[in-house]
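In our numbering, the protein residues as written are 174 to 621.
Here a beta-carbon is modelled for each residue, glycine too, at the ideal position from N, C-alpha and C.
Read through the structure below, which is laid out as structure tokens, and then see the notes.
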Ligand SMILES: NC(=O)c1ccc[n+]([C@@H]2O[C@H](COP(=O)([O-])OP(=O)(O)OC[C@H]3O[C@@H](n4cnc5c(N)ncnc54)[C@H](O)[C@@H]3O)[C@@H](O)[C@H]2O)c1
């Protein structure tokens, strides 16, 4: 590429994001009363107050005016104490999730438990008349999805899944650009998550006071197969198939939610994937390395990859590739890169008779196509960088949940959306474990 055209001007676009952030913080505080609530206050309960809840969700919920966290429960005592402290002592320890759901003063719940609990607790919460904010991935298995969607429909309550990326201003901008044709024809998306730390591989530290007295093992296991007491399984549950789908459902599900959102895609029609445990054979049942190819009927192929052995050579990120431009998400920024593609047939034409070669290059059409000097202004266009500004996507996602609860606004990530993102991740695991390509049956809405 000629150097004069390779320079990049990075314009950080803050104006749109700032306006959006202001709009969020100005969002009306007076809504239509929730179906069963006497006033504008919403009493919130939280089932499973682990790392995700205490490092973001509880703060995001308490930041919404009128929301009061009144009850929590968890299978490890230390987390209950910390969560109650985070509410300034206002929330009470409900003991267990069934008791929390039986509390008629609670209007809505956040479910932040490991994935093997998502189906049962969501269905029961909806049956108990609660609105539900459920962390991603929505399901541990594809068949969980339809039951949860049906329960939400029957209850008339809100079910929102917690893939906060769907509320990111950057992703909204990206979707609008793709829709407007700024990228031309998009046929491929490449995305990756690469890590090289123990915490990145989910080998989290175990609290020193954790033992059979402070950890309720039976409450953790619930619908999962019976196993002897294990602090590793309790605190590092993502490493085991009983409770998690590993890389595909923990990490790829974020990418898949975004891809479906950006492209208006529903499900891949065909998936082939390989996964292997190269580094963490002693600690992980789930693979530490996954490569997957997902084909979508919208005329799109998606490459997803993840390794827990290196984070430098293949930086984590996301690339949406069109024939006129790419959108690259990396390091919290999104860059729009126009294609600078010029034809180059010189090495072929030089093998022709000299006279024919000269004639070929005398053609103005060839000159226009093959000479950098003749590039159209569009081809010279410089890259633009869009930075995420304003509140964190989790804060917006949570605020939007309560807007749906109060005002009946459409749910930003409903059960069907969450089900399909998780189901696509489950197809990746099915292909890995069955060592074959797998397909989606669109009519039956299940794996073929
Ligand atoms: N959206 C995101 O970016 C994001 C980030 C991290 C985690 N998550 C999701 O959040 C969920 C929780 O993940 P985490 O990292 O917080 O895990 P975690 O292990 O830190 O927290 C889960 C908590 O649930 C508790 N628990 C287990 N069984 C219970 C039961 N029957 N009743 C009450 N509590 C119970 C555990 O004791 C634990 O404290 C997962 O589904 C995960 O995928 C989402």
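Of the residues the options, the one placed nearest residue i, counting alpha carbons only
{"i": "residue 558", "options": "594, 228 and 505", "result": "505"}
{"i": "residue 618", "options": "351, 318 and 247", "result": "318"}
{"i": "residue 472", "options": "451, 478, 442 and 500", "result": "442"}
{"i": "residue 232", "options": "572, 600 and 492", "result": "572"}
{"i": "residue 432", "options": "387, 378, 501 and 399", "result": "501"}
{"i": "residue 520", "options": "507, 534, 570 and 509", "result": "534"}
{"i": "residue 561", "options": "524, 468, 282 and 507", "result": "507"}
{"i": "residue 509", "options": "348, 215, 254 and 333", "result": "348"}
{"i": "residue 421", "options": "493, 614 and 602", "result": "602"}
According to DSSP, residues forming a beta bridge with residue i
{"i": "residue 502", "result": "491 and 507"}
{"i": "residue 476", "result": "363 and 466"}
{"i": "residue 215", "result": "240"}
{"i": "residue 612", "result": "443"}
{"i": "residue 557", "result": "509"}
{"i": "residue 245", "result": "219 and 266"}
Local Cβ density within 10 Å of residue i, reported as buried at 16 or more and exposed below that
{"i": "residue 303", "result": "buried"}
{"i": "residue 470", "result": "exposed"}
{"i": "residue 585", "result": "buried"}
{"i": "residue 358", "result": "exposed"}
{"i": "residue 209", "result": "The pLDDT assigned to residue 209 is 46, lower than 50, so where the model puts this residue is not dependable, and the model offers no usable value."}
{"i": "residue 518", "result": "exposed"}
{"i": "residue 286", "result": "buried"}
{"i": "residue 589", "result": "buried"}
{"i": "residue 310", "result": "buried"}
{"i": "residue 417", "result": "buried"}
{"i": "residue 604", "result": "buried"}
{"i": "residue 503", "result": "exposed"}
{"i": "residue 608", "result": "exposed"}
Expected contact under 8 Å - CB spacing of residue i and residue j to nearest Å
{"i": "residue 439", "j": "residue 289", "result": "About 26 Å; that fails the 8 Å criterion."}
{"i": "residue 497", "j": "residue 512", "result": "6 Å"}
{"i": "residue 284", "j": "residue 220", "result": "5 Å"}
{"i": "residue 456", "j": "residue 376", "result": "6 Å"}
{"i": "residue 335", "j": "residue 307", "result": "6 Å"}
{"i": "residue 463", "j": "residue 479", "result": "5 Å"}
{"i": "residue 260", "j": "residue 237", "result": "Not quite, the Cβ-Cβ distance comes to about 14 Å (not below 8 Å), so this is no contact."}
{"i": "residue 280", "j": "residue 215", "result": "5 Å"}
{"i": "residue 256", "j": "residue 222", "result": "4 Å"}
Proximity test, residue i beta-carbon vs ligand 1 heavy atom, cut-off 7 Å
{"i": "residue 374", "result": "no"}
{"i": "residue 246", "result": "yes"}
{"i": "residue 223", "result": "yes"}
{"i": "residue 226", "result": "yes"}
{"i": "residue 317", "result": "no"}
{"i": "residue 520", "result": "no"}
{"i": "residue 269", "result": "yes"}
{"i": "residue 335", "result": "yes"}
{"i": "residue 288", "result": "yes"}
{"i": "residue 454", "result": "no"}
{"i": "residue 390", "result": "no"}
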